[in-house]
Amino acid sequence: LCSSLYQQYNSPLSLKSVLQPTRTFPDSIAADPLHPHTTPQDPHRPPNTQRRPSKSTSLVSSSPLPPSLLQGCSWARGVSRPPSLLLPRGLYDIIKARDGSGLPRCTSFLPHRSVTWASSFRPLLSKMMTCTEQSLYYRQWTIPRPCHMDSSNRPAKGRTDNFHPRRLLLSGPPQVGKTGAYLQFLGILSRMLIRLMEVDIYDEEDINFSGQLERVQCQPTCASWPVTDTLRGIPFDYRVHNPRYEDISTVYCPGYYPNTDAPALPPGIPRRQEDVYLRRRTARIKLSKYAAYNTYHHCEQCHQYTGFNPAYQMYELTLHAFTFSHLLLGEDIQLYFIIPKSKHHYFSFSQPGGQLESMRLPLTSDWNPDCIKSPIFTPTTGRHEHGLFNLYHAMDGAAHLHILVIKEYEMAVYKKYWPNHIMLVLPTIFNGAGLGAAHFLIKELSYNNLELERSRRVEGGGPPADVWPFIILSDDSCVMWNAVDLDSHSSSGPVERNVSLKQVLQHMEACPDLTQFGLCGIRKWSSHSPGQGQGSGGGARHREPFSRGHLHDFLLLNVDLTQGIQFNQNRFTCDDVDFTLRVHSAGLLICRFNNFSVMKKQISIGGYHTFIIKNKMTDVPTSVQPSQYICAPDSKHPFLATPAQLLLEKYLQHSSLFPLSTCNYTHPILSVDCYLNLGPEVTVCFVSSRPRSINISTTGLLFSGLLLCFWDSFVTPGFLKNFHFLKGAVLCVICADRSSLRQTVVRLELEDEWRFRLSDEFQTANAKEDRPLFFLTGKHI
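Residue numbering for the sequence shown follows the numbering used here, beginning at 63 and increasing consecutively.
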């Protein structure tokens, strides 16, 4: 391109007709009425006066136009003359000037407006350069601007030049622009293909950290597995650090004070959970070869795994009932397994194709490098297309038992999209239940199955205690897993790399003292270096390879040790926080493997976080304020077609039921045997009423309220007298019916220290057939 410009600038056309600074417009343009601002022809100019013909004027003789038309038409006369251009004197001098090598100064011009010079200390163009050499020169000494299609490309590591094979700069006469269009299309296509290999991962820094509490080093950084005695010496961290729970009530922890500098919402405007979900920070990450995929992923290796193969058809699925009894529910629970014939070897039947007896479990002493011992349960709803259930690549070829836990009304659509997956269908009564119900049934089913497998082992002459007691509870959005590479260090700390789910699980299952742990998990991934972290105390918390605290999204659960601790089947939100607190209070060990992390994909469709609150009469989702979630008993308040537990949890989250607790961390709410979210401005102190339970020392602590919801039978008047409350503190008692409320007030002798009014009794806005919940409030005398 520059060679062409150079040749044009040194031609007579360039010097005499194009670059003359004082030339006037041609006569044809001056006489054209369409150019009112041009100078008219001088009437005193001799008509015969003609300018010297240039080389380009000789082309007019070959024009097909007749001479009479050329003389009569002003436009036609203008065609025979070279174009003229008016230039300022300064610009004309710059173009005409030459540098020290004799080349015109215009050779320093950029070849295209979308690029810029890589350095001002570049060599000069030589007169002897060919077009190819000029092209290589511009490739090496120019870099693309942000608007250029190659702006995202960078030189390969170790190269000092800026050359990239896709950067094409043409030289020669100007073209019609098709090459640039081709390159633009290829750039768009390339970005689209790359985008298909990328996902949006939640990338958030942990919350609720304090430097005074984090700077403790109890175990060597290079430790592969936790030592039980050392881990018991680490204080349990009651605070919730997952940023997904940014807007829940802080769990009281001695020695920690929350950050009060965070901006608050205007009064009277509640912060909705949907807003929290949408504003979470994400990062676009390229999928590794160990990623989990949804139903849109298709490759030759996955055809047999997913069932989209002529050899695996829908009719090869078999439906089996599994029944067990549970005292808490007071009736037998019947679940259904949908099992492909290719997965029958994971189960035990009374006879081939007969009654389902149990799910086969390995022994604790078994070890197979190509097998995962723990069954993987994934509760899911509304994500039959987008749920990450394809674990073929994540498992790196390891055999594993993966069970999708679905609701009864979604059975058909999940069978359609995942025909070769085992599915556990929940009973019909749980169609409107939350995540707590799914976790509850999974855990109770697993414990009953463990007892059946032990009985089967005893019948076969084996020891009953040697059956593997662990299961995995995994979220349906877990997409990739990472491990801290302790052998390689950078300036910012240890390096984190993608690993397979097989490697993570086999490392955890190989822990020597794993059967002594009640609950294990891994940390949430963040782009901050695992060796540094941001915020006060961030580095210290990552340097500790194992810690005790809340676990989320990916759990390794010991169903044997936690047999007496159930998930709350009524819960919709924060069921994992509530369960972890009760597991710890029971004295069981909880361990988080901080050298492993899990990446969660942002999936905006379906999931247990989507709650629909609608009117019972219209059956159409409407905008309902939290104050309308409750009403007075026997009132004519419009009822809602929403589960009572969900209405209660949402009301407690958005209402100011405990005014003395607002932004008052030193005087928290006392919550007995249950954690509920009372809003981000309220602090909750969890205590367990069970004998020999582990609780926070409350000596000298004054509480601003008392919450009694789903408490155990160990709560007595003597137990409550161990705690002290501020004057005017609020009491909230929640029961399943009105008679239970009155019985609780009498049995716990609450009227001795609390004042009640008839107007302080409420119920959730449910019809009688929907079993509303009732609660009573009172004030401390």
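Yeah, the Cβ is synthetic: ideal placement off N, Cα and C, and Gly gets one too.
Same chain only: Cβ atoms within 6 Å of residue i, ignoring 5 sequence neighbours per side
i, result
"Thr357", "Glu447 and Tyr479"
"Asp575", "Thr290"
"Cys31", "The structure shown does not extend to residue 31, since the chain is modelled only from 63 through 843, so no value can be given for it."
"Ser647", "Ser750, Ser755 and Ile756"
"His569", "none"
"Leu198", "none"
"Asp638", "His614"
"His33", "For the chain, the structure presents residues 63 to 843; residue 33 sits outside this window and is missing."
"Pro834", "Ala706, Gln825, Thr826 and Asn828"
"Thr119", "Summary for Thr119: the model assigns pLDDT 37, below 50, so the residue's position carries little reliability, and this model does not support an answer."
Residue nearest to residue i in terms of C-alpha spacing, selected from the options
i, options, result
"Gly524", "Pro753, Gln413 and Glu515", "Glu515"
"Ala706", "Gln578, Ser685, Phe673 and Leu722", "Phe673"
"Ser750", "Asn726, Thr724 and Val777", "Val777"
"His360", "Phe451, Gln396 and Arg800", "Phe451"
"Glu606", "Pro173, Ile584 and Asp799", "Ile584"
"Glu711", "Phe781, Ser213, Leu740 and Phe701", "Leu740"
"His474", "Asn430, Gln565 and Leu379", "According to the sequence as given, residue 474 is Ala; it is not His. The shortest C-alpha separation from Ala474 is found at Leu379."
"Tyr696", "His406, Pro414, Asp528 and Ala827", "Here residue 696 turns out to be Asp, not Tyr, going by the sequence shown. Among His406, Pro414, Asp528 and Ala827, the Cα nearest to that of Asp696 belongs to Ala827."
"Trp287", "Ser188, Ala572 and Leu148", "Ala572"
"Val529", "Pro556, Met259, Asp432 and Ser517", "Ser517"
"Lys435", "Leu563, His365, Ala500 and Val541", "Leu563"
"Gly496", "His671, Leu397 and His406", "His671"
"His462", "Thr292, Ser755, Leu708 and Pro424", "Pro424"
"Ser404", "Gly369, Ile395, Glu419 and Asp640", "Gly369"
"Pro622", "Gly444, Gln396 and Tyr509", "Before going on, a small fix: residue 622 reads as Asp here, not Pro. The shortest C-alpha separation from Asp622 is found at Tyr509."
"Asp615", "Met570, Gly649, His590 and Lys663", "Lys663"
"Arg633", "Gly498, Ser801, Leu719 and Phe701", "Gly498"
"Phe399", "Thr192, Cys280 and Met421", "Met421"
"Pro457", "Met542, Asn304 and Leu397", "Looking at the sequence itself, residue 457 is Met, so the reference to Pro does not match. If we check each option's Cα against that of Met457, Met542 comes out closest."
Cβ neighbours of residue i in the same chain (closer than 7 Å, five flanking residues each side left out)
i, result
"Lys351", "His455"
"His99", "Unreliable positioning characterises His99 in this predicted model, as indicated by a pLDDT of 39, which lies under 50. The coordinate reading is nonetheless provided below. For His99, where only same-chain residues beyond five positions count, there are no Cβ hits under 7 Å."
"Val546", "Pro556, Glu558, Pro592 and Asn657"
"Glu813", "Val807"
"Asn110", "Below a pLDDT of 50, predicted positions are generally treated as unreliable, and Asn110, at 44, falls in that range; the measurement from the model is reported next regardless. If we look at Asn110 and ignore the five residues flanking it on each side, it has no Cβ neighbours."
"Leu618", "Ser436, Phe532, Ile534, Met570, Cys582 and Gly583"
Proximity of residue i and residue j at Cβ, strictly below 8 Å
i, j, result
"Ser539", "Ile665", "yes"
"Arg184", "Trp203", "yes"
"Arg346", "Glu266", "no"
"Ile465", "Ile491", "no"
"Lys532", "Asn430", "The sequence shown places Phe at residue 532, rather than the Lys named in the question. In this structure, Asn430 does not lie closer than 8 Å to Phe532 by Cβ."
"Thr241", "Arg207", "no"
"Gly669", "Arg306", "no"
"Ser659", "Trp587", "yes"
"Leu418", "His382", "yes"
"Val313", "Val746", "yes"
"Ile675", "Thr704", "yes"
"Asn482", "Pro414", "no"
"Leu782", "Leu810", "yes"
"Cys653", "Phe748", "no"
"Leu651", "Arg294", "yes"
"Lys678", "Leu709", "no"
Beta-carbon contacts of residue i that lie in its chain and below 8 Å, excluding the five residues immediately before and after
i, result
"Gln628", "Leu390, Phe502, Lys505 and Glu506"
"Asn493", "Lys469, Glu470 and Tyr471"
"Ser393", "According to the sequence displayed, residue 393 carries Glu and not Ser. Cβ within range, chain order: Ser387."
"Leu722", "His729, Ser766, Gly767, Leu788, Gly790, Ala791 and Val792"
"Val467", "Phe439, Thr440, Pro441, Thr442, Met485, Leu486, Leu488, Ala500, Leu503 and Ile504"
Worksheet item: Whole beta strand (DSSP E) runs in the region 719 to 793 with 3 or more residues, listed along the chain?
Response: The region 719 to 793 contains these whole beta strand (DSSP E) runs: 731 to 734, 745 to 749 and 764 to 770.
Item to complete: Only counting runs of 3 or more residues, tell me where the beta strand (DSSP E) segments fall wholly within the region 375 to 456, in order along the chain.
Response: 379 to 388, 393 to 402, 409 to 411, 418 to 421 and 438 to 441
Item to complete: Examine the Cβ distances between the region 608 to 615 and the region 293 to 309 and report whether three or more of them are shorter than 8 Å.
Response: yes
Worksheet item: Is the region 760 to 771 close to the region 719 to 736, with three or more CB pairs under 8 Å?
Response: A contact is defined here as three or more CB-CB pairs under 8 Å, and the region 760 to 771 meets this definition with respect to the region 719 to 736.
Worksheet item: Which runs of the beta strand (DSSP E) fall wholly inside the region 557 to 586 and span at least 3 residues, in chain order?
Response: 579 to 586
Worksheet item: Should the region 777 to 786 be regarded as contacting the region 795 to 803, the criterion being three or more beta carbon pairs within less than 8 Å?
Response: no
Worksheet entry | 4-residue-minimum alpha helix (DSSP H) runs that sit fully inside the region 605 to 658, ordered along the chain | Counting only runs of 4 or more, we get 637 to 647.
Item to complete: List in chain order: all unbroken beta strand (DSSP E) runs of 3+ residues lying wholly within the region 676 to 720.
Response: Runs of the beta strand (DSSP E) inside the region 676 to 720: none found.
Worksheet item: Which runs of the alpha helix (DSSP H) fall wholly inside the region 447 to 527 and span at least 4 residues, in chain order?
Response: 473 to 479 and 497 to 521
Discussion item. Report the start-end ranges of each beta strand (DSSP E) in the region 242 to 315 that is 3 residues or longer and not cut off at the edges.
Written reply: 260 to 264
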